[in-house]
Amino acid sequence: MTMAQRKRRLVSDELSEAALQLLASKGFDAVTIDEIATTAGVSKRTFFRYFASKEDVVVQFLADMGVGVRAELAARPLGEQPSVALRHAVRVPMAACAGHSDKALRVVQLILRTPALRARFLERQDQWRDDLAAEVAQRLGLDPGTDLYPRLAAGMALTAFDTVLQRWSDSDGAEDPADLTDRAFATIAPALDAVE
239 MTMAQRKRRL
249 VSDELSEAAL
259 QLLASKGFDA
269 VTIDEIATTA
279 GVSKRTFFRY
289 FASKEDVVVQ
299 FLADMGVGVR
309 AELAARPLGE
319 QPSVALRHAV
329 RVPMAACAGH
339 SDKALRVVQL
349 ILRTPALRAR
359 FLERQDQWRD
369 DLAAEVAQRL
379 GLDPGTDLYP
389 RLAAGMALTA
399 FDTVLQRWSD
409 SDGAEDPADL
419 TDRAFATIAP
429 ALDAVE
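For the sequence shown, the working numbering gives the first residue as 239, with consecutive numbering after it.
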């Protein structure tokens, strides 16, 4: 990583942390972009170099998960049952959440409890669904344009992911995300593995 990349990452992290602290203490609607920038020690103009909106600061924390899920699915053995491969793919971001539990829990709760953030997060998940469906289709030699299975499988996997996030959030981090993920996929495995 170059010096410029490290600096960019540092500023982005500072903005995210400032935003999370303010939003957690004051609520989403009460915090302005000016406050976030000031707390992070940057200008409003600098803020907009990194993020398009206040919502993006928060959602960015979870935004890379979709890329991680697809990459993990692509790395799974080809002969694996779809439910097993998708469960392992979804466990990766859930393990990342558990690994940063305090910060991740605050972000997840903020996203799930703030309508504007929840809407932005669901927009991101739509893109993940398309990417995941393409990967499922490629693994199984299906045509994502004509076969229903890839998009349905991706949708079920992301619904399981969303359900686990909600349950983990509602439990204030008390429930284990890995266990919740395993339980969710045990429920949907018969449908996922019924691919023809």
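For each residue, glycine too, the CB sits at the ideal point set by N, CA and C.
Values in this document were obtained by computation on a predicted structure and should not be read as measured data.
| In terms of alpha-carbon separation, which member of Gln347, Leu324, Leu343 and Ala372 lies closest to aspartate 420? | For the residues Gln347, Leu324, Leu343 and Ala372, the minimum Cα distance to aspartate 420 belongs to Leu324.
| What distance in whole Å lies between the Cβ atoms of tyrosine 288 and leucine 248, which are believed to be in contact at a cut-off of 8 Å? | Contact annotation, leucine 248 with tyrosine 288: C-beta distance approximately 11 Å; criterion of less than 8 Å not satisfied.
| query | Just how far apart, CA to CA, sit arginine 358 and alanine 372? | reply | Approximately 22 Å, taken between the alpha carbons.
| task | Take leucine 260 as the anchor and find which of Val296, Leu430 and His326 has the nearest alpha-carbon. | result | Residue Val296 is the option with its Cα nearest to leucine 260.
| said: Could you check whether phenylalanine 286 and leucine 355 sit closer than 8 Å to each other, using their CB atoms as the reference points? | reply: It is not a contact, given that the beta carbons lie outside the stated cut-off.
| Where does serine 321 fall in DSSP's three states? | Helix.
| What's the gap between the Cα of leucine 396 and the Cα of valine 322? | Rounded to whole angstroms, the gap between the alpha carbons of leucine 396 and valine 322 is 14 Å.
| Helix or strand or just coil, what does DSSP make of glycine 383? | Note: glycine 383 maps to coil in three-state DSSP.
| request: State the start and end residues of the unbroken alpha helix (DSSP H) segment that holds alanine 422. | output: Here the alpha helix (DSSP H) through alanine 422 covers 415-430.
| request: Have a look at Ala257, Val374, Leu370 and Val346 and flag the residue whose alpha-carbon is nearest the alpha-carbon of lysine 292. | output: Out of Ala257, Val374, Leu370 and Val346, Ala257 has the C-alpha closest to the C-alpha of lysine 292.
| Short Cβ contact (8 Å threshold) for lysine 282 with aspartate 294 | Contact flag unset, no.
| said: My parser needs the beta strand (DSSP E) runs of 3 or more residues fully inside the region 329-416; what are they? | reply: Runs of the beta strand (DSSP E) inside the region 329-416: none found.
| query | What separation, rounded to the nearest whole angstrom, lies between the Cα atoms of aspartate 368 and leucine 386? | reply | Computed Cα separation, rounded: 12 Å.
| request: Taking methionine 332 as the reference, give the member of Asp417, Arg344, Gly383 and Gly393 with the closest Cα. | output: The residue with the shortest Cα to Cα distance from methionine 332 is Asp417.
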